[in-house]
Amino acid sequence: MTEYDKISEAVAAIRRHWLYEAQVGIVLGTGLGALAQSIAIEEEISYEDIPHFARSTVESHAGKLILGQLGGKRVVAMQGRFHLYEGYSAKEVAFPIRVMKALGAQTLIVSNACGGLNPQFKPGDLMLIEDHINLLGANPLIGVNDERLGPRFPDMIEPYSHELIAKAREIALKNGIVTQQGVYVAVTGPNLETRAEYRFLRAIGADVVGMSTVPEVIVAAHAGMKTLGFSIVTDMGLADALEPVNIERILANAANAEPKMNKIICELLQTL
-4 MTEYDKISEA VAAIRRHWLY EAQVGIVLGT GLGALAQSIA IEEEISYEDI PHFARSTVES
56 HAGKLILGQL GGKRVVAMQG RFHLYEGYSA KEVAFPIRVM KALGAQTLIV SNACGGLNPQ
116 FKPGDLMLIE DHINLLGANP LIGVNDERLG PRFPDMIEPY SHELIAKARE IALKNGIVTQ
176 QGVYVAVTGP NLETRAEYRF LRAIGADVVG MSTVPEVIVA AHAGMKTLGF SIVTDMGLAD
236 ALEPVNIERI LANAANAEPK MNKIICELLQ TL
């Protein structure tokens, strides 16, 4: 079965519950599922009930597709995403973005929890992603290209929309929300990095590091979608000041910063 056929089957299953045309797709990362509470939910579907969707195996990922209205727009929101470290391929990880596009979404908003590499950042900071570095060793576009989904060689000159970044910064400024801006580097995980790896990642130009997001953004660019990305700095990866990982603290930092991100997203959707 081709990727196009799989997308069609997934869309057909969703259409049995929800007949509206989506405008925006949203991916909510680790510890960042609370935005779903702001959505006027019209339908809620477990990933298990959507053909060809993977399953979320990470505890903080609910594993549900939320369909409804937010900021006056019809949205399709993933409450929990998939990762390569769960054993999925890059193509499987990014498959829901294909489905969002087929449901009508022209804009994608992605979020993640990440480790800070830039010494000027601190836990709880909200960073707008301006670019990324793919160190996953995988790409969701590998394989036969289907021109119905996008071109063989999509450029990545603007994987994160300059227009949407500017709008997000304007909204943040208006609301007194401090935002950073920088480069996200994706690694496979699930272990955190060594001191030497943190030094390397900073040296090649990364401001934050995480284990997700890039496959979804590559597919969005392939599909011609405009993307806005948020990284919430939940801990710091400063090579000379490392502390043992504390998952509870990471999730707490994500929860504390999340309302700022959600405020920007809700207001941004009203401008689209």
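The sequence shown runs contiguously to residue 267 in this note's numbering. C-beta atoms are modelled at their ideal positions from N, C-alpha and C, and glycine is treated no differently. Quick caveat: nothing in here was measured; it's all calculated off a predicted structure.
Checking 8 Å against the spacing of the C-beta atoms, do Glu262 and Val105 come in under that value? One-based indexing of the sequence shown puts residue 262 at position 267. One-based indexing of the sequence shown puts residue 105 at position 110. Contact flag unset, no.
Please classify Ala215: does DSSP put it in a helix, a strand, or coil? Here residue 215 is taken as the residue at index 220 of the sequence shown, counted from 1. It is helical.
As a quick exercise: from Ala31, Leu65 and Val6, pick the residue whose alpha carbon is nearest that of Gly58. Mapped onto the sequence shown, residue 58 falls at position 63. Among Ala31, Leu65 and Val6, the Cα nearest to that of Gly58 belongs to Ala31.
Tell me the residue span of the beta strand (DSSP E) that contains Thr266. Working through the sequence shown from its first residue, we reach residue 266 at position 271. Membership of Thr266 in any beta strand (DSSP E) is not indicated; the residue belongs instead to the alpha helix (DSSP H) covering Ile242 to Thr266.
Leaving out five residues before and five after Asp141 in sequence, what residues of the same chain have Cβ atoms less than 8 Å from its Cβ? The residue given as residue 141 occupies position 146 in the sequence shown. Same-chain partners within the cutoff: Thr(-3), Glu(-2) and Tyr(-1).
Segment contact flag, the region 148 to 155 with the region 118 to 128, C-beta cutoff 8 Å, min 3 pairs: yes
Could I get the ranges of all uninterrupted alpha helix (DSSP H) runs contained in the region 50 to 106, with 4 residues as the minimum, in chain order? 85 to 97
Between the alpha carbons of Lys68 and Gly119, how many angstroms are there, rounded? For the purposes of this step, residue 68 is taken as residue 73 along the sequence shown, with counting starting at 1. For the purposes of this step, residue 119 is taken as residue 124 along the sequence shown, with counting starting at 1. Cα to Cα, Lys68 sits roughly 28 Å from Gly119.
Asn257 beta carbon less than 8 Å from that of Ala29: Position 34 of the sequence shown, counted from the first residue, corresponds to residue 29. Position 262 of the sequence shown, counted from the first residue, corresponds to residue 257. Result yes, Cβ atoms of Ala29 and Asn257 sit closer than 8 Å.
Does the Cβ of Asn241 have 16 or more other Cβ atoms within 10 Å, making it buried, or fewer, making it exposed? Within the sequence shown, residue 241 is the residue found at index 246, counting from 1. Result: exposed.
Which value, in whole angstroms, describes the spacing of the CA atoms of Ile61 and Met231? Position 66 of the sequence shown, counting from 1, holds the residue named residue 61. Position 236 of the sequence shown, counting from 1, holds the residue named residue 231. C-alpha separation (whole angstroms): 31 Å.
Report the rounded CA-to-CA distance for Thr52 versus Met95, giving the unit in angstroms. Here residue 52 refers to the residue found at position 57 of the sequence shown. Here residue 95 refers to the residue found at position 100 of the sequence shown. Distance between the alpha carbons of Thr52 and Met95 is about 21 Å.
Quick one: what does DSSP say Gln268 is sitting in, helix, strand or coil? Here the chain comprises residues numbered -4 to 267, so residue 268 is not present and cannot be evaluated.
Could you give the residue range of the beta strand (DSSP E) that holds Lys221? As a working note, residue 221 is residue 226 in the sequence shown. Run containing Lys221: Lys221 to Met231, per the beta strand (DSSP E) assignment.
Check each candidate in Gly63, Leu98, His47 and Ile9 and name the one with the smallest Cα separation from Glu16. Numbered from 1 along the sequence shown, position 21 holds the residue referred to as residue 16. The option with the nearest alpha carbon to Glu16 is Leu98.
Rounded distance between the beta-carbons of Leu136 and His217, thought under 8 Å: Within the sequence shown, numbered from 1, the residue matching residue 217 stands at position 222. Within the sequence shown, numbered from 1, the residue matching residue 136 stands at position 141. Right, the Cβ-Cβ distance comes to about 6 Å (below 8 Å), so this counts as a contact.
Can you give me the C-alpha to C-alpha distance between Phe90 and Ala133, rounded to a whole angstrom? In the sequence shown, the residue the question calls residue 90 occupies position 95. In the sequence shown, the residue the question calls residue 133 occupies position 138. Their Cα atoms are separated by approximately 14 Å.
Own chain residues within Cβ distance below 6 Å of Val88, not counting five before or after: Position 93 of the sequence shown holds residue 88. Only Phe77 and Pro210 meet the Cβ criterion.
Under the three-state reduction of DSSP, which class applies to Gln32: helix, strand or coil? Here residue 32 corresponds to residue number 37 of the sequence shown, with the count starting at 1. Reduced to three states, the DSSP call for Gln32 is helix.
Bridge partners - Asn129, DSSP secondary structure assignment: Mapped onto the sequence shown, residue 129 falls at position 134. Ala181.
Using 8 Å for Cβ pairs, my map puts Ala181 next to Leu121. What's the rounded Cβ distance? In the sequence shown, counting from the first residue as 1, residue 181 sits at position 186. In the sequence shown, counting from the first residue as 1, residue 121 sits at position 126. Not really, about 18 Å apart at Cβ, beyond 8 Å.
Short check: CB of Ile259 to CB of Cys109, under 8 Å? To locate residue 259, count along the sequence shown from 1; it is residue 264. To locate residue 109, count along the sequence shown from 1; it is residue 114. In this structure, Cys109 does not lie closer than 8 Å to Ile259 by Cβ.
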